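Trainee: Using my numbering, the letters of the first sequence map in sequence onto residues 113 to 558.
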Amino acid sequence: MRLSRYFLPVLKETPAEAQIASHRLMLRAGMIRQASAGIYSWLPLGYRVLKRIEEIVHQEQQRAGAIPVLMPTIQSADLWRESGRYDAYGPEMLRIRDRHDRDMLYGPTNEEQITEMFRAYAGSYRDVPKLLYHIQWKFRDEIRPRFGVMRGREFLMKDGYSFDLDRATATISYYKMLVSYLRTFERLGLKAVPMQAESGPIGGDLAHEFLVLAETGESGVFLDRRIAELTLGDRDIDYDNHEQLEGIFREWTSGYARTDDTHDEAVFHSEVAEGDRVMARGIEVGHIFYFGTKYSEALGATVAGPDGSRAPVHGGSYGIGVSRLVGALIEANHDDKGIIWPESVTPFDVGLVNLKQGDAETDKACEDVLDELSFRGLSVLYDDRDERAGAKFATAELIGLPWRITVGPRGLKAGTVELACRRTGESEELSAEAAVNKLSEIYAGL
RNA sequence: CGGAGCGUAGCGCAGCCUGGUAGCGCGUCGGUUUUGGGUACCGAAGGUCGCGAGUUCGAAUCUCGCCGCUCCGACCA
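#1: Under 9 Å between the Cβ atoms of Ala178 and Gly512?
#2: Have a look at Asp448 and Pro184 and give me their C-alpha separation to the nearest angstrom.
#3: Starting from Leu244, trace the beta strand (DSSP E) in both directions and tell me its first and last residue.
#4: Restricting to Cα atoms, I'd like to know which of Tyr430, Glu473, Ala149 and Val415 is closest to Glu223.
#5: Please go through the same chain and pick out, in chain order, the residues whose beta-carbon is closer than 6 Å to the beta-carbon of Ser421, but skip the five residues on each side of it.
#6: Does DSSP put Gln308 in a helix, a strand or coil?
#7: DSSP state of Tyr118, grouped into three classes?
#8: For the candidate residues Thr474, Ala189, Gln248 and Val333, whose alpha-carbon lies nearest to that of Ala309?
#9: Is Trp453 buried or exposed, if buried means 16 or more other CB atoms sit within 10 Å of its CB?
#10: Grab me the residues of Glu358's own chain with a C-beta within less than 7 Å of its C-beta, minus the 5 sequence neighbours each way, in chain order.
#11: Around the C-beta of Leu558, are 16 or more other C-beta atoms found within 10 angstroms, so that it is buried, or is it exposed?
#12: By a C-beta neighbour count over all protein chains shown, 10 Å radius and 16 as the cutoff for buried, is Leu182 buried or exposed?
#13: Count the other C-beta atoms from every protein chain shown that fall within 10 angstroms of the C-beta of Gln173, then say buried if there are 16 or more, exposed otherwise.
#14: Please state whether the Cβ-Cβ distance between Val384 and Leu335 is less than 9 Å.
#15: Between Gly439, Tyr494, Thr458 and Ala546, which lies nearest to Gln131 when the distance is taken from Cα to Cα?
#16: Could you tell me whether the segment 353–372 touches the segment 287–306, where touching means 3 or more Cβ pairs closer than 8 Å?
#17: Would you grab the beta carbon distance between Leu162 and Leu268 for me? Rounded to a whole angstrom, and I think it's under 8 Å.
#18: Assign Trp154 to one of two classes, buried (16 or more other C-beta atoms within 10 Å of its C-beta) or exposed (fewer than that).
#19: Answer with buried or exposed for Glu540, where buried requires no fewer than 16 other C-beta atoms within 10 angstroms of its C-beta.
#20: Going by the DSSP bridge assignment, what does Ile151 pair with across the sheet?
#21: Comparing alpha-carbon positions, which option in Ser236, Asp210 and Arg209 lies nearest Val425?
#22: Three or more beta-carbon pairs under 8 Å between the segment 400–418 and the segment 253–264, yes or no?
#23: Can you grab the Cα-Cα spacing for the pair Val390 / Ala189, in whole Å?
#24: If you compare alpha carbons, which of Gly450, Ile400 and Glu254 is closest to Gly428?
#25: Are Leu323 and Thr374 close, meaning C-beta to C-beta below 9 Å?
#26: Mapping DSSP to helix, strand and coil, what is Pro180?
#27: In three-state DSSP terms, what is Trp453?
#28: Assess contact between the segment 461–471 and the segment 487–499, defined as three or more Cβ pairs (one per stretch) separated by less than 8 Å. Is contact present?
#29: Cα separation between Leu328 and Glu443?
#30: What's the C-alpha gap between Phe230 and Ala326?
#31: Would you say Arg436 and Gly264 are within 9 Å of each other, going by their C-beta atoms?
#32: Using alpha carbons as the reference points, say which of Gln225, Pro203, Gln187 and Gly202 lies closest to Asp210.
#33: Quick one, which of Lys476, Ser486 and Gly272 has its alpha-carbon nearest Gly398's?
#34: Return yes when the Cβ of Tyr152 is within less than 9 Å of the Cβ of Arg160, no when it is not.
#35: Relative to the alpha-carbon of Cys533, which residue among Gly523, Arg522 and Lys550 has its alpha-carbon at the smallest distance?
#36: On a CA-only basis, which of Glu538, Cys478, Gly527 and Glu330 is nearest Ala392? Give me that one, please.
Here it is in C-alpha cells:
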C-alpha cells in the first residue's frame, strides 16, 4: 500500500480526552475516530489490526473444535423475558422498539439466542458436546465509557458457548477453551494470566478471567510470579487428549492468581513466598465460566440421555474482548514514540521509507523492494510521500510497524538499504535482497 | 446516578471576568526548497464561537433552558 493513496490521518498533537497511552496512540496513529461516547469508527489502520486479531481468534477457536456462527446484533425481547433476564439486566441493555412496537434490544451478550438455537435442533446425547461461537458487535450502555476502545459501549467480542451432557464433559469443554485462550493470547504476543474469578451461580472453580498485565489496567491483580512465567511455547496440543488439557489447566490454575474481586490477602501470603508475590494491574481481555443448567433450564434446552430421559444441558460461556485487545496490545507494546506491534497483529508487516521521493533511482529501488516483498506475501506500507525524512520516520515510529526498510541515495551508492527493527531500535545495512530474505524468514516463522 | 469540568478552524488552545462582531500554534492547500531524524521560505483557504431563548443599540463574552463530551466514584469483554 502506498501511503500517498492510503487514508492514514495521523495527528501530531494529542487529543485532550485521551488519558491512557493506547487511546492516545490509537487516535494519533489514525486508527479510530470517536463517533459518540464509547462508540468508535475504525479507520483503515485500526481496522486492519482488528481483523488480524479476529483472524487469530477464529483460528484458535476452530483448532480447539469450536464452530463459528454469526448471530444478529438486534434481538427480540421475548427470549430475554423467557430467561428472566429482560428485567434483570438493567439499564446497561439498550432497549429499542421497532415500527410495530415490538420490544427489541441490541445484544449485550448471546446466551439466550444460542441456547434457543441449540434447543431447536438438538435432541439427544448424540448432539453433544457442541462448542459454538461467534465474533459479533455487542452493546452495553456503560455508565461511563472511557479509555477509548478499552471500555467502549459498542465493542467486538468473541463469545462462545458450550453444550454438554453433564458437568464432567462440560469441564472438558471448559479446559479446551482455557487452553485455546492461552494459545490465542500467546500468539498475539500477550502475557495474559488466567485468574480465579467470582464463581457465579454454580460455584466451584470453573470461572477464570484472563488479565493482561499493564500499569493502566482497571483491575488490581495478585499472583504468583511463576504463573506469569509459564508458556505453552511450541508444545504440541491435542484437543482430544483430555489428560493433556487437564494437565495444562492444573499447571496454570493451581498457583495463586486473583483480581481484587477475589483476592484474599491471607491466602496470598500463605500460598506464595514473598519473593514470588506480584502485585500489579491488569486488563481483562477474556472471561470463561461454566454456568451449569442456568439457561438450559430457563429456556428448556434439554437432550435425551441414552436411557431416554431428558435433562437440561450443561453450559459454559467464553468471551474474548476483541476490540479491547487492540487497546491492550498497545498498552503492552509501546514507547514514547509510538506503538510497537508484534509481528502477529501488525497492520502491515513492513514499512518502506523512500528518503528521496522523486529521485528516479531511489524510487525505482523502492518499487523493486515493494514488489519483491509483496511477491513474498508480506504486506507493506510504502511511504512515498514528498516529505522530509524526519517526518517519515516519526510517522513510522508512531504507527509502529515492527520492521522498516529505508532506501536512500546514499545507501544505494553502496548497494545497501537499511533494515530497522522497531522494538529494539537496532538497524543494519544490507543489500535489498538480503533484507527481503530476512523479513521473509521472520514472517514465515509465524 | 453522585461529584467536578469542558464545548471557539482538522488538532491543541487564547479571548469570556470588565459585551463592540474572532485570534495564536500546529496541521491542510498552492508555490519555492530536493530534503539522511518532525526544524527552511512565501502565500492562501478554513469558524452557524454546541443548540435555542432572553437581556442589550450591540452577545463567543451576561442570564435561563437543552444537547454533547471529558474527568473522579459504584459496574463490565
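We put the CB at the ideal spot given by N, CA and C, even for glycine.
A quick note: this is a predicted structure, and the numbers were derived from the prediction, not measured.
Mentor: This is what the structure holds:
#1: no
#2: 40 Å
#3: Lys242 to Phe251
#4: Tyr430
#5: none
#6: strand
#7: coil
#8: Val333
#9: buried
#10: Tyr287
#11: exposed
#12: exposed
#13: buried
#14: yes
#15: Gly439
#16: yes
#17: 7 Å
#18: buried
#19: exposed
#20: Ser148
#21: Ser236
#22: no
#23: 44 Å
#24: Ile400
#25: no
#26: strand
#27: coil
#28: yes
#29: One point to set straight first is that residue 328 is Thr, not Leu, in the sequence displayed. Distance between the alpha carbons of Thr328 and Glu443: 7 Å.
#30: 38 Å
#31: yes
#32: Gln187
#33: Gly272
#34: no
#35: Lys550
#36: Glu330
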